[in-house]
Structures are given as structure tokens and as C-alpha cells.
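In order, the protein sequences belong to chains G and X.
FYI, the numbering for the first sequence is -8 to 335, going by this note's numbering.
FYI, the numbering for the second sequence is -8 to 335, going by this note's numbering.
Here a beta-carbon is modelled for each residue, glycine too, at the ideal position from N, C-alpha and C.
Quick caveat, the model's predicted, so the values are computed rather than measured.
Number of protein chains: 2
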Amino acid sequence: MRIAIDAMGGDYAPDEIIAGVVESIEFLEKGDSLILLGPAEVIESKLGSKVLKKNADVIRIVNAPEIIGMDEPPVDALRKKRNSSISIMNKMAADGEADAVISAGNTGACVAASQLRLRNIEGVNRPGIAVVFPTFEGPVTMCDVGANISCKPINFYQYAIMASMYSKHILGIENPRVGVMSIGEEEAKGNEIVKKAKELIRSDPKINFIGNIEGRDIFKGKCDVAICDGFVGNVVLKLTEGLVDGLFKVIKHELMHQSMILALKFKPVMMKMYQKYDYHEYGGAPLLGVDGTSIICHGSSKARTIKNAINAARKFYKVGINLKIKEYLATTTVKGIDEQYHNI
Amino acid sequence: MRIAIDAMGGDYAPDEIIAGVVESIEFLEKGDSLILLGPAEVIESKLGSKVLKKNADVIRIVNAPEIIGMDEPPVDALRKKRNSSISIMNKMAADGEADAVISAGNTGACVAASQLRLRNIEGVNRPGIAVVFPTFEGPVTMCDVGANISCKPINFYQYAIMASMYSKHILGIENPRVGVMSIGEEEAKGNEIVKKAKELIRSDPKINFIGNIEGRDIFKGKCDVAICDGFVGNVVLKLTEGLVDGLFKVIKHELMHQSMILALKFKPVMMKMYQKYDYHEYGGAPLLGVDGTSIICHGSSKARTIKNAINAARKFYKVGINLKIKEYLATTTVKGIDEQYHNI
């Protein structure tokens, strides 16, 4: 399998990206290869001739001299910078020269480029980014977290299908319970789009649908899949990060205030938890619904994140999630759904 | 000041509500009185004749035999149950028989009853619930968290004004920095309503507006006021609760796994933090924009929450926030704003 990685994407690029790529080599299987995209001379000098020589059969560099900034308007940037890593790697995937693409760069540009080049899976209206929240009660897959900020009910339904597939085949949850993020457990709560979305999801007997879920339920083991629009999902994702950081800061402060010895003893426990429950652990978030393997990483990705993202891409590709989604969509009885779920 | 309290609202009513009322008596000032609403015989028996007799000049019971359930559709429930505590107390406030109302009951019913009876402040289109997040960097006021799930830009603007007033006059933050919850720091990000809302807020030079804020910024000291629609705000509020609980569960588990002694030593630190940073501390959330003092408490309110809510109501009333909002709205230069901000 050939995995293309954007060497220039993210806050710690290219150093951490390249470090992650090097770290991942030992986990690759025979026949796997890694394609690094970015300005060739930068990548070559960062890798060093020794590493390059040693891994000549595994690492390939593809020159992509242009860089899309984290804050550039995605569609504009893609149009202007055809020689950026994000543009080239998605084109390579479309042309059959790469089996997966990974980037920690501009999320909007990654989504747009993958949608443009890989195209959507037949029957999917809009792709969605799925992240996994590692919780005490098990992993919860949330979709969408930022690809689509104005969701129609049909998008929610398709996210429910695709995220269920992901939860089942990647995370090993047999019959994932699907909830729709809303503002109360009661059936009547939520806005019109959410209500229509629930109607639609409920009409598909193959989805293990549990109805509304609230923000707190994600961490209480109530569901395995949480569906929402990209605006709500993105707020949730970033809030979670900020809150976890903030809470650890408070704990540290309180402990140091009480006893330095206690604070020092607590430190390794904290580090262990950080490793176990933070987003770096899951590496990247798959863009569900495009006809290929596109993994979007956090802007703050470190070497460990990239290494895990490479593993995530391998699993996603080898399990053949997209084929399973295609089969599902081809046989679902809810297929000929009314136009009302498209436009609201 | 006369404060009306719904004895039957919330998951722990009436016991915890009544306990909170009794606990708050010692903090009252001369002339303050508490009006308890609910089935009179229930309240009387819970209070006990001794307490009642001792506090005859402070506590008054008003019989409200009907109870609105937590899950009842608000408007329906208010129409059918005119003798419920929520109905009667808001009517009393409108008739000048109470200066503030407090309930931990059905949030939708509280919002609807206060809006119906107290009416909106002149110039306010829709009221919003403001909660205070106690963060390591200081308190952050978020509005709206559930009164209005389909916000127009004009509502965002008014929430920015009202929450700023609250932050300044209640929390003592001189020139509160106001951000709008969105999905990226960059100006271009966010949906159409958020973009229009920002335009409007920015056009008012008296608001210290900092633009987009992301979920993580709330806990990073980047803003003092966070504005969002009630759907997003409610998700954020409940997610925060769930995540804090979930994280403490994980910490406990990890500590017990490492060392029981360490776990035991950590317990008091955890309890202290819980007290300092949880939502019970701020008591209740004011419904900003109604022409009166209406405090909405969490459904899981305990005695401490209610006691703090009574204090919050006193402060809200005595500081005269509503007068300040009226003055602001009467003099703002952004007053004659285009209809486009009302309808989108």
C-alpha cells in the first residue's frame, strides 16, 4: 500500500511530520511505501542522506513546492496552488498512484481536494469527518466535526451509516448505538433539521438508533456513534481539547498548592492519561464518504500523531470500509427517500 | 426584596430545594423574604412547623398544586397548568408581588413563562440564558445556552450586549472581551448567521469584540463572554459537565490502579476542585432580556445550588442589570439596524 503524506501541513511541520514518518517505518508491512510531499530540498535535508539511503525502497519524495497556509480560504488556495502538497497528493490518489492521503494542513483544503479528486462514493451527498473520542466507557465516533457546516437531514442519515461502519469494522463494536446530538433526551427537542434527520435514520431498521443524545452522554457510555452537523461537531471537538487541558492545569495548581510531593507523584499518572486519552492516540480522522482513503490530522500533530495516522490509513484501506459503505447504500431500503430530506 | 422559589422543580425537588432555601436564610438582608411555591401541604411538612414558626417573617408559602414535569412540552404545559409553581410565580412577579423568580424545573417552561409574564425588555427580541463557566483563567459568561435554538444575527448582537453587562456588573470584569463561537479563528469561518452576527456586533464600538472564538478558547482566557445560539450553547454546557465527570472517573481509575494511597490522598483535592469549579457554585443562570429577574437552575440542583441561586438573584436585582441594559439599548447607535439582521 502506498501512503502519501503532506510533509508541510500542521503547526509542527515539517519536523514532526517527517519524524512521524520515520518512526512508522518499523511498523510497515512488506510492500508498503510512504510518499512524502513538499519542497523536495526541504524534505531531503530534514530526512538526511543516511536515512534516505537506508529507506530508499520505502520512502519516496514527490516535489510539491507550494504550501497552502492554515488560514487560507480552501477553494481559492486549491485553485491558485496546483503544486501544493495537498493538491498533488489528492491528484495522485485519483490517478491510482497512491492508496491513501494524510495531511495535518488546512482542513478545508484537504476536504475540498479529496472531494474534488477522489469524488464522493456513489449515493453519498457530502463527506463528513469522523473523530474518535477515547472515553472511559470506550471509543465514541463523532461525525461530522467540520467538513459540512450546513447539514441537511440526508447528510445526517449518511453520516449515521458511515460512522456505524467505521465503529463496527475499525473499532470492533458489533452493533454500534447511534445517537443524534441534540439539546435534550426528549423526542420533541431539537431544531427542525435534527428532527427530520431522526425521522430518516429511524426509518432504516439496520441502524441501531437510540434517538437524541446530549453533550454529557458522549462520556457516559450511552452511545457508540454521535451524529451532528460540522459546526456543532467542531465546537465539541475543540471544547473537549480545551477543557481537558484546562482541567489538568487546575489539578496541577491545586496539587502544588496542597503538597509538592503529591503533585510530583501525580505527574506520571497524568502523563499516562494524557497518552491514553488524547487525540494524538487516534492519529487522524477519516474523511468518510469520499471514494478513497483520506485521513485528516489535527493541526497540532506531533510525530506520534502522524505515526498513528499512518496506521489508521492502513487499517481503513485494508478493512475496505468504502466497499462496505457502497454495499450498504446499494441495498438500503431507505434509498429512494423523498426530496424533503435533501432540502430544508 | 421578595424572591419566589419553585419548590417542585428539578430532580431533587422538593427536599434539596427546601434545604437550600433554609440554608440561605442566614445570608439574607433585612427586608428580604422568600416565597416558596408548590403544593402547600408538601412544603409545610418538609419544612416542619418548628422552622416555619421560627422564620415566619422570612418564609411565605404560596399554594401551587400543579406540577409541570421536566419533559412536558413547555407551552402546552403552561396553558394546561395555570396553577403550577412556574405559572404562578411568574404571574406574581408580573403583578409586583415578587422581585425575582427561581426554578430548577422545566427550562422551556421557565423561559416561556418569564417571557409571557415579565415581557422582554424594550428593544430585546428574544431573551437568552447566560451561564458562567468557572475556568482557571477566570469566569466566562456564555449566552445563549438553550432559550433560543434558532438565533438570528440580531439575537447574537443583543446577547453580546446583555452578557457584557452581566460580566461587567456582576462578575466585575471592566471591559469584557466578547467572542462569537465559531469553528476557526479566521474571520472567514463560520456559517452565514454567525458572519452576519459578527458584522453587527463589530459595528457597535462600545462592545469589546474580539471576533471568532473556538471551543478551546473558553478555557484559555481568551474571552470573558462567549456568544452562540442556544443549540450550540446547550451542547457545550452539557458536554462540559459530562467531560468533567468522565475525566475525574478516569483519574480515579488510573490512581487506584497505581496506588490506593495516592488515590486516597488525591480525593480531598478532587473534592475541593469539584466545589470550586462546578456549576453548582454559580447557582443559577439568569434569563437575560426579560423585564424582571428570572434565574434558571440546573435540573440536578442541590441545596447549595439553590442557596447560590438565591444569592445570584439578589445580586442581579440589586445591581440593576436590566436598567443598564435598557439604558444601553436606548442610546446605542446601532439601534436603527437593517431588517436583514432580523431575517436570515
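Straight through space, the alpha carbons of ILE218 of chain X and THR284 of chain X are spaced by roughly 21 Å. The continuous beta strand (DSSP E) containing ILE218 of chain G extends over residues 216 to 218.
Assignment of beta-bridge partners to LEU27 of chain X by DSSP yields X:ILE(-4) and X:ILE52. Residue state for THR323 of chain G is assigned as coil, using DSSP reduced to three classes. Nearest to TYR3 of chain G by alpha-carbon distance, out of G:ALA303, G:THR324, G:TYR319 and G:CYS288, is G:CYS288.
Against chain X, the beta carbon of SER141 of chain G has neighbours under 9 Å at ASN182 and GLU183, listed in chain order.
DSSP, read as helix, strand or coil, puts ALA91 of chain G in strand.
Counting every other CB atom within 10 Å of its CB across the protein chains shown gives MET156 of chain G a total of 16 or more, marking it as buried. Secondary-structure assignment with DSSP links PRO277 of chain G through a beta bridge to G:ILE286. The three-state reading of DSSP puts GLY22 of chain G in coil, since its state is none of H, G, I, E or B. Within 10 angstroms of the beta-carbon of PRO196 of chain X lie fewer than 16 other beta-carbons, which makes it exposed.
Ranking X:VAL66, X:GLY96, X:ALA121 and X:ASN54 by CA distance to the CA of GLY221 of chain X puts X:ALA121 first. Around the CB of ASN97 of chain X, 16 or more other CB atoms lie within 10 Å, so the residue is classed as buried.
Cα atoms of GLY233 of chain G and GLY202 of chain X: separation of roughly 18 Å, rounded to the nearest angstrom. Just so you know, the alpha carbons of ALA68 of chain X and ASP62 of chain X end up roughly 10 Å apart. Contact check between the segment 124 to 135 of chain G and the segment 303 to 317 of chain G: fewer than three CB pairs, one atom from each, fall below 8 Å, which does not count as touching. The distance from the Cβ of PRO130 of chain X to that of LEU162 of chain X is about 5 Å, consistent with a contact at the 8 Å cut-off.
Between LEU19 of chain G and ILE50 of chain G, the C-beta spacing is not below 8 Å.
Taking C-beta atoms as the reference points, ILE93 of chain X and ASP6 of chain X fail to come closer than 8 Å.
Beta-carbon to beta-carbon, VAL185 of chain G and VAL216 of chain G are separated by about 15 Å, too far to satisfy the 8 Å threshold. Considering only G:ILE(-6), G:MET251 and G:ALA95, the residue with the shortest C-alpha distance to GLU88 of chain G is G:ILE(-6). Partner residues in the beta bridge of SER75 of chain G, as assigned by DSSP, are G:GLU57. Of all residues in the segment 255 to 269 of chain G, the ones placed with a Cβ closer than 9 Å to any Cβ belonging to chain X are LYS256, PHE257, PRO259, VAL260, MET261, LYS263, MET264, LYS267 and TYR268, in chain order. At least one CB of chain X lies nearer than 8 Å to the CB of THR231 of chain G. Put simply, the CB of ASP208 of chain X is near chain G, with a gap under 8 Å to one of its CB atoms. The beta carbon of LYS159 of chain G sits closer than 8 Å to the beta carbons of GLU165, ASN166 and PRO167 from its chain, once the five residues preceding and following it are set aside; these are given in chain order. Identification of chain G residues near PHE127 of chain X by a Cβ-Cβ cut-off of 8 Å yields GLY237, LYS240, VAL241 and HIS244, ordered along the chain. Pairing THR126 of chain G with ILE209 of chain G gives a Cβ-Cβ distance under 8 Å. Chain X places no beta carbon closer than 8 Å to that of GLN149 of chain G, leaving this residue out of the contacts. Counting C-beta atoms within 10 angstroms of its own C-beta, ILE252 of chain G has fewer than 16 neighbours from the protein chains shown and is therefore classed as exposed. If you draw a 10 Å sphere on the C-beta of LYS45 of chain G, you find fewer than 16 other C-beta atoms in it, and that means exposed. SER36 of chain X sits exposed, since fewer than 16 C-beta atoms from the chains shown fall within 10 Å of its C-beta. In this structure, LEU28 of chain G lies near MET80 of chain G, with their beta-carbon atoms less than 8 Å apart. For GLN249 of chain X, the chain G residues whose C-beta falls within less than 7 Å of its own C-beta are VAL260, listed in chain order. For ILE174 of chain G, the three-state secondary structure derived from DSSP is coil.
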